[in-house]
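Numbering (our numbering), first residue to last: 5 to 137. Each residue gets a CB set at the ideal place from its N, CA and C atoms; glycine is no exception. Given the structure is predicted, the values throughout are model-derived calculations rather than measurements.
1. Please report the distance separating the alpha-carbon of residue 122 from that of residue 5.
2. Nearest by alpha-carbon distance to residue 49: which of 30, 42, 38 is it?
3. What separation, rounded to the nearest whole angstrom, lies between the Cα atoms of residue 65 and residue 96?
4. The ligand FAD and residue 118: does the residue's C-beta get closer than 7 Å to at least one heavy atom of that ligand?
5. Roughly how many whole angstroms lie between the Cα atoms of residue 53 and residue 112?
6. Of the residues 98, 126, 83, which one's Cα is nearest the Cα of residue 32?
7. Could you check if residue 16 is buried or exposed, using at least 16 other CB atoms within 10 Å of its CB as the buried criterion?
8. Once DSSP output is grouped into helix, strand and coil, what is the label at residue 37?
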């Protein structure tokens, strides 16, 4: 087989994988989500931090889904993770020139950094649910 054809096949394969990861993976839902309508949902970029280890997927590319419900929120980034509002220890909100970020600390080792499109709305959801619980 020609090296040109192998290169083309490799590029097409990588492109197909990236499209699948960006378009299809975040749209999957947990069973608890299927019978409920989210209060708010958006695509954003997200970074999981596990102690010193960091899982960076996408940078500023909106390949994660964040959905807010009455008693929990869901982050779909590779895996789908359900987070009850009661597990949020703290949240910090930073507005910068080019990107706004929200860091949600869940425990000593886990934190989630998101770059939402609608910063103010996501900030209000998190602040309201943190003070309510």
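Let me spell this out:
1. Walking along the chain shown from the start, residue 122 turns up at place 118. Walking along the chain shown from the start, residue 5 turns up at place 1. Those two C-alpha atoms are separated by around 49 Å.
2. Mapped onto the chain shown, residue 49 falls at position 45. If we check each option's Cα against that of residue 49, 30 comes out closest.
3. Translated into positions along the chain shown, residue 65 becomes position 61. Translated into positions along the chain shown, residue 96 becomes position 92. For residue 65 and residue 96, the distance between alpha carbons rounds to 21 Å.
4. In terms of ligand content, the structure shown is empty, and the ligand FAD therefore cannot be addressed.
5. For the purposes of this step, residue 53 is taken as the residue at position 49 of the chain shown. For the purposes of this step, residue 112 is taken as the residue at position 108 of the chain shown. If you take the alpha carbons of residue 53 and residue 112, they lie about 10 Å apart.
6. Here residue 32 refers to the residue found at position 28 when the chain shown is read from its first residue. The shortest C-alpha separation from residue 32 is found at 83.
7. The count along the chain shown starts at 1 and reaches residue 16 at position 12. Label assigned to residue 16: exposed.
8. Locating residue 37 in the chain shown gives position 33, where the first residue counts as 1. Residue state, collapsed to three classes: helix.
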